[in-house]
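Below is one structure, written out as structure tokens; the observations come after it.
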Ligand SMILES: NC(=O)c1ccc[n+]([C@@H]2O[C@H](COP(=O)([O-])OP(=O)(O)OC[C@H]3O[C@@H](n4cnc5c(N)ncnc54)[C@H](O)[C@@H]3O)[C@@H](O)[C@H]2O)c1
């Protein structure tokens with residue numbers, strides 16, 4: 613075996629010179645991820661449905677000393693995804709990293725799940741993730757490299773009695789899409805991996821946080837006994853975005869305090 617190259621080892625997590633796109637860039641996780649990518653050296657494009665909500669993310673990226681670009685894009689609309697990719701290419705001429713952090717959750721008992729709510733979850737979580745991967749993937753194929761990180765959930769791993777017929781199904785699809793793209797695009801030197809967190813206290817999970825007995829049920833399923841915090845997810849995303857993970861593709865990394873271990 614060759615000796616470890618000190619220079620390569622030290623730069624394993626360096627993202628200087630990289631261009632990253634983060635969808636859902638105004639969301640709790642998306643904003644943290646965008647800021648962390650900038651702190652590790654990347655220029656970051658944040659996308660969301662309205663420009664106003666992206667202002668904070670832009671400020672954070674610039675505070676980290678990197679270039680920021682905000683683009684409005686509903687990920688469930690193919691024309692808007694194409695426009696978002698074109699604008700990014702006009703400004704930067706490449707996309708090295710894509711993080712698909714746009715997502716929604718709707719919970720109802722399966723037997724009463726309104727069809728429009730089910731379809732909305734599928735539209736944003738599954739179709740939206742696919743469309744962003746499809747159009748950024750085209751660019752990455754031409755470039756001959758790229759890192760795609762999808763945001764899944766522990767709800768993709770196993771069922772849960774709390775009304776997750778749409779959300780859990782959508783995240784299960786995200787996991788398989790991740791593996792599918794990883795196998796199709798490995799030959800183009802594109803890594804596709806998923807980060808699948810357990811619960812964070814964000815607007816998406818407010819409903820659980822505000823219900824003490826529900827909150828305790830969720831926490832009792834996590835051996836480490838706490839919800840996830842920002843650093844938990846950004847560490848995993850930086851790993852998949854950086855050269856440290858160059859030989860890792862098609863993986864789902866559960867950031868879950870042991871939730872899926874037992
Ligand atoms: N919060 C958690 O506990 C948790 C746990 C596991 C996985 N996740 C996943 O992490 C991701 C981010 O969640 P979050 O907690 O930051 O939620 P959040 O609600 O704070 O952020 C989600 C973002 O997605 C955006 N979005 C919704 N629909 C969109 C659309 N059609 N086009 C573009 N953007 C759209 C929202 O405006 C919001 O900015 C989601 O995919 C979620 O499923 C969250």
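Residue numbers (my numbering): 613 to 874.
Glycine included, each C-beta is placed from N, C-alpha and C at the ideal position.
Residue i versus the options, residue with shortest Cα-Cα distance
i: residue 803; options: 630, 626, 858 and 693; result: 858
i: residue 764; options: 833, 622 and 848; result: 848
i: residue 725; options: 828, 781 and 624; result: 781
i: residue 839; options: 846, 829 and 812; result: 812
i: residue 796; options: 746, 843 and 820; result: 746
i: residue 648; options: 660, 666, 623 and 678; result: 678
i: residue 845; options: 633, 667 and 641; result: 641
i: residue 841; options: 869, 860 and 825; result: 869
i: residue 622; options: 643, 632 and 652; result: 652
i: residue 843; options: 729, 807, 825 and 874; result: 807
i: residue 834; options: 702, 874 and 854; result: 874
i: residue 755; options: 637, 701, 676 and 836; result: 701
i: residue 703; options: 791, 820, 790 and 631; result: 631
Spatial distance of residue i from residue j (CA atoms)
i: residue 639; j: residue 662; result: 12 Å
i: residue 733; j: residue 705; result: 32 Å
i: residue 635; j: residue 798; result: 23 Å
i: residue 872; j: residue 866; result: 7 Å
i: residue 691; j: residue 685; result: 9 Å
i: residue 864; j: residue 626; result: 22 Å
i: residue 645; j: residue 850; result: 8 Å
i: residue 816; j: residue 736; result: 14 Å
i: residue 660; j: residue 788; result: 24 Å
i: residue 823; j: residue 814; result: 14 Å
i: residue 616; j: residue 741; result: 37 Å
i: residue 829; j: residue 818; result: 15 Å
i: residue 633; j: residue 832; result: 35 Å
i: residue 862; j: residue 629; result: 25 Å
i: residue 696; j: residue 720; result: 33 Å
i: residue 731; j: residue 768; result: 17 Å
i: residue 698; j: residue 743; result: 14 Å
i: residue 836; j: residue 722; result: 30 Å
i: residue 666; j: residue 614; result: 46 Å
i: residue 688; j: residue 618; result: 44 Å
i: residue 783; j: residue 676; result: 31 Å
i: residue 827; j: residue 820; result: 6 Å
i: residue 715; j: residue 825; result: 25 Å
i: residue 664; j: residue 658; result: 12 Å
i: residue 790; j: residue 729; result: 24 Å
i: residue 928; j: residue 643; result: The structure shown has nothing for residue 928, since the chain only spans 613 to 874.
i: residue 854; j: residue 637; result: 19 Å
i: residue 620; j: residue 727; result: 51 Å
i: residue 792; j: residue 668; result: 34 Å
i: residue 707; j: residue 739; result: 20 Å
Presumed contact (8 Å Cβ cut-off) between residue i and residue j, rounded CB distance
i: residue 656; j: residue 673; result: 5 Å
i: residue 778; j: residue 718; result: 6 Å
i: residue 805; j: residue 852; result: 5 Å
i: residue 766; j: residue 809; result: 7 Å
i: residue 680; j: residue 693; result: Between residue 693 and residue 680 the Cβ distance is about 20 Å, and since that is not below 8 Å, they are no contact.
i: residue 856; j: residue 624; result: 4 Å
is_contact[residue i, chain C] using C-beta, thresh 8 Å
i: residue 808; result: In the displayed structure, chain C is absent; only one protein chain is listed.
Check your understanding: Below 8 Å, can you find three or more Cβ-Cβ pairs linking the region 707 to 714 to the region 750 to 760?
Key -> Flag = yes, the region 707 to 714 and the region 750 to 760 touch.
Check your understanding: Taking contact to mean at least 3 C-beta pairs separated by less than 8 Å, is the region 745 to 753 in contact with the region 766 to 776?
Key -> When C-beta atoms of the region 745 to 753 are compared with those of the region 766 to 776, fewer than three pairs fall below 8 Å, so the two segments do not count as touching.
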